Amino acid sequence: MTDAADGSRPAPGSAVEATHMGDPDDRGRFGDFGGRFVPESLVPACQELEAAFRAAWSDDAFHTELDDRLRTYAGRPSPVTEAENLSRRLGVRVLLKREDLNHTGSHKINNVIGQALLTRHMGKKRLIAETGAGQHGVAAATAAALFDLDCVVYMGEVDVERQALNVFRMELLGAEVRPVSSGSRTLKDAINEAMRDWVASVETTHYCIGSVMGPHPYPWMVRELQRVIGDEARVQSKELLDGGDPDLVVACVGGGSNAAGIFAGFAEGPARLVGVQPDGGAAIGRGLPGVVHGSASLLLQDEHGQVSEAHSVSAGLDYPGVGPEHAHLAATGRAEYVTVTDAEVLDAFELLSRSEGIIPALEPAHAIAWVAREAGGAIPTGATVLVNLSGRGDKDAEQVMRIRKGTR
Numbered sequence: 352m353t354d355a356a357d358g359s360r361p362a363p364g365s366a367v368e369a370t371h372m373g374d375p376d377d378r379g380r381f382g383d384f385g386g387r388f389v390p391e392s393l394v395p396a397c398q399e400l401e402a403a404f405r406a407a408w409s410d411d412a413f414h415t416e417l418d419d420r421l422r423t424y425a426g427r428p429s430p431v432t433e434a435e436n437l438s439r440r441l442g443v444r445v446l447l448k449r450e451d452l453n454h455t456g457s458h459k460i461n462n463v464i465g466q467a468l469l470t471r472h473m474g475k476k477r478l479i480a481e482t483g484a485g486q487h488g489v490a491a492a493t494a495a496a497l498f499d500l501d502c503v504v505y506m507g508e509v510d511v512e513r514q515a516l517n518v519f520r521m522e523l524l525g526a527e528v529r530p531v532s533s534g535s536r537t538l539k540d541a542i543n544e545a546m547r548d549w550v551a552s553v554e555t556t557h558y559c560i561g562s563v564m565g566p567h568p569y570p571w572m573v574r575e576l577q578r579v580i581g582d583e584a585r586v587q588s589k590e591l592l593d594g595g596d597p598d599l600v601v602a603c604v605g606g607g608s609n610a611a612g613i614f615a616g617f618a619e620g621p622a623r624l625v626g627v628q629p630d631g632g633a634a635i636g637r638g639l640p641g642v643v644h645g646s647a648s649l650l651l652q653d654e655h656g657q658v659s660e661a662h663s664v665s666a667g668l669d670y671p672g673v674g675p676e677h678a679h680l681a682a683t684g685r686a687e688y689v690t691v692t693d694a695e696v697l698d699a700f701e702l703l704s705r706s707e708g709i710i711p712a713l714e715p716a717h718a719i720a721w722v723a724r725e726a727g728g729a730i731p732t733g734a735t736v737l738v739n740l741s742g743r744g745d746k747d748a749e750q751v752m753r754i755r756k757g758t759r
């Protein structure tokens, strides 16, 4: 994982600040967004985590162990696949970054292995996490088993029902899954409960946040742990495109960790960066500035400033906010953020399955849906499009079957 022009790894806070996706400022902000808005009792934990991350990220031994775990355990590097049938159908060249082929089936494993290593470095023995679609929960449970850590995963009751197979996988891996019955019983409420647990157990527990959200240093740290996606993809793209970059890099956005990871590899290049949000959860475009779950960002709010509920057919994108760096990228114009409907996502789920023999998770099916809709329009005919296929769709197959049969 390198990001300096000469291939060396810059120390945190010492390089690439002038870039589109450089380090946050000393308050943990990306422009007007980010920061650290937490109870006083959690400030020392955030400061401890920031110090641990800065030390680890400047330590070659930490990177050696992390890179080895990603290579020999997670299965990196993930390949880039030419989607030849889909390309012929749409009239654009579609490349797929195959994060679905990682161990546990998504990009989430990149982040949790790094945070589990940090947990061990900080001398803590307990990991807590929240999950919506279950992919982060399964990845966290996997990393906890690997590093012999106790693990509790919070999950909204609605998502427990939608993702029953992933609940079983987490329990099989030794984690305790705690259903959350408050609020909309989805990801937002699971995060609230995980935050409450963290406040009560901070001396022994690390909260392994699954996306580029939460108080500083989480948005920065998770993006750096996911940067491996973009760094690999840019090298692979240059090999496929005679030294060039794709015209567009497209990824789904809920909190936005997979998008931040792949965008980080291309932010200083010429590619258009496009984040695809669910129509019912478009924090960028329909949201307002506010504070949620420890940082300032854009979030869906009612006329009284209360957080509104989001909706998406994908449990992983059913979130009313967005990572603060995405809000910053939108404000500066470096990335575009668009929406697709649930119906378009379900069509894309089948489109990629039948055209390429790849069943995508509902989350990256959002990115496929936008490419399918805009090919020949917002995406010029003949353009090259790199899509981050952030997860596989085994977990969603039963849900889609029920929807198609009209039983839910």
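Position 174 of the sequence shown, counting from 1, maps to 525 under this note's numbering, and the rest follow consecutively.
Note that CB positions come from ideal geometry on N, CA and C, so glycine has one too.
Nothing here was measured: the structure is a model prediction, and the numbers come from that model.
Query raised in the report: What number of angstroms, rounded off, separates the C-alpha of V580 from the C-alpha of G426?
Result: In the sequence as displayed, the identity of residue 580 is Ile instead of Val. If you draw a straight line from the Cα of I580 to the Cα of G426, it is about 12 Å long.
Query raised in the report: Quick one: is the Cβ of Y569 within less than 7 Å of any heavy atom of the ligand MG?
Result: Ligands displayed in this structure: none; no statement on the ligand MG is therefore possible.
Query raised in the report: Is F384 near S659, with beta carbons less than 8 Å apart?
Result: No Cβ-Cβ contact shorter than 8 Å links F384 with S659.
Requested in this report: Sort P621, E695, L469, M564 by Cα distance to T735 and report the nearest one.
Outcome: Of P621, E695, L469, M564, the residue nearest in Cα terms is P621.
**Report entry** Which of helix, strand or coil DSSP assigns to D593
**Finding:** Per DSSP, reduced to three states, the secondary structure at D593 is coil, with no helix or strand assignment.
Requested in this report: Starting from K448, trace the beta strand (DSSP E) both ways and give me its first and last residue.
Outcome: Annotation: the continuous beta strand (DSSP E) that includes K448 extends over 444–449.
Query raised in the report: Would you call the CB atoms of I635 and H677 closer than 8 Å?
Result: Yes, these two residues count as a Cβ contact at 8 Å.
Report task. Taking only the alpha-carbon atoms, compute the straight-line gap between L697 and N739 and give it to the nearest angstrom. Result -> Going by C-alpha positions, L697 is about 18 Å away from N739.
**Report entry** Reduced DSSP secondary structure (H/G/I, E/B, other) of T556
**Finding:** Strand.
Query raised in the report: So V627 and A718 are in contact, right, with Cβ under 8 Å, and what is the actual spacing, rounded?
Result: So it is a contact: roughly 5 Å between Cβ atoms.
Report task. Report all residues from its chain with a CB closer than 6 Å to the CB of S665; omit the five preceding and five following residues, and keep chain order. Result -> Leaving aside the five residues that flank S665 on each side, the residues in its chain whose CB is nearer than 6 Å to its CB run, in chain order, L713, E714.
Query raised in the report: Cβ of G373 within 8 Å of Cβ of Y670?
Result: No; because the gap between Cβ atoms is not below 8 Å, this pair is not in contact.
**Report entry** F617 beta carbon less than 8 Å from that of D596
**Finding:** Yes, Cβ-Cβ distance for D596 and F617 is below 8 Å.
Query raised in the report: Can you tell which of T493, A491, G565, A610 has the C-alpha that lies nearest to the C-alpha of L393?
Result: With respect to the C-alpha of L393, the residue from T493, A491, G565, A610 having the closest C-alpha is G565.
Query raised in the report: Would DSSP call M352 helix, strand or coil?
Result: Unreliable positioning characterises M352 in this predicted model, as indicated by a pLDDT of 34, which lies under 50. The coordinate reading is nonetheless provided below. Looking at M352 - three-state DSSP - the assignment turns out to be coil, as it is neither helix nor strand.
Report task. Count the other C-beta atoms from every protein chain shown that fall within 10 angstroms of the C-beta of L523, then say buried if there are 16 or more, exposed otherwise. Result -> Under the 10 Å beta carbon count, L523 is surrounded by fewer than 16 other beta carbons and is classified as exposed.
**Report entry** Span separating the alpha-carbon of P363 from that of E575
**Finding:** Low confidence applies to P363: its pLDDT is 45, below 50, so where it sits in the model is not reliable enough to give any reading.
Query raised in the report: Expressed to the nearest angstrom, what Euclidean distance is found between the alpha-carbon atoms of Q514 and G442?
Result: Rounded to the nearest angstrom, the two C-alpha atoms are 35 Å apart.
Query - Nearest-angstrom Cα separation, counted from E707 out to N436 - result: If I take the Cα positions, the gap works out to 6 Å.
Query raised in the report: Quick one: is R547 buried, meaning 16 or more other Cβ sit within 10 Å of its Cβ, or exposed?
Result: By the 10 Å Cβ count, R547 comes out exposed.
Report task. Using alpha carbons as the reference points, say which of A412, I754, L400, S429 lies closest to V586. Result -> For V586, the nearest C-alpha among the options comes from S429.
Query raised in the report: According to DSSP, is D501 helix, strand or coil?
Result: Reduced to three states, the DSSP call for D501 is strand.
Query raised in the report: What is the DSSP secondary structure of P711, counted as helix, strand or coil?
Result: Three-state DSSP puts P711 in a strand.
Query raised in the report: Would you call the stretch 532–548 and the stretch 459–468 in contact, with 3 or more CB pairs under 8 Å?
Result: Fewer than three beta-carbon pairs drawn from the stretch 532–548 and the stretch 459–468 are found closer than 8 Å, and the two stretches are therefore not classed as touching.
Requested in this report: Within the same chain, show all residues whose beta-carbon is closer than 7 Å to that of D747, passing over the 5 residues directly before and after it, in chain order.
Outcome: For D747, where only same-chain residues beyond five positions count, the Cβ hits under 7 Å are A712, L713.
Report task. Run the CB neighbour count on R387, radius 10 Å, all protein chains shown included, and call it buried at 16 or more, exposed below. Result -> Taking a 10 Å sphere around the C-beta of R387, we find 16 or more other C-beta atoms and assign the residue as buried.
Query raised in the report: For the alpha helix (DSSP H) that contains L516, what are its first and last residues?
Result: Counting along the chain, the alpha helix (DSSP H) containing L516 begins and ends at 515–523.
Requested in this report: On a CA-only basis, which of S704, L668, G674, A720 is nearest V305? Give me that one, please.
Outcome: Residue 305 is absent from the structure shown; the chain starts at 352 and stops at 759.
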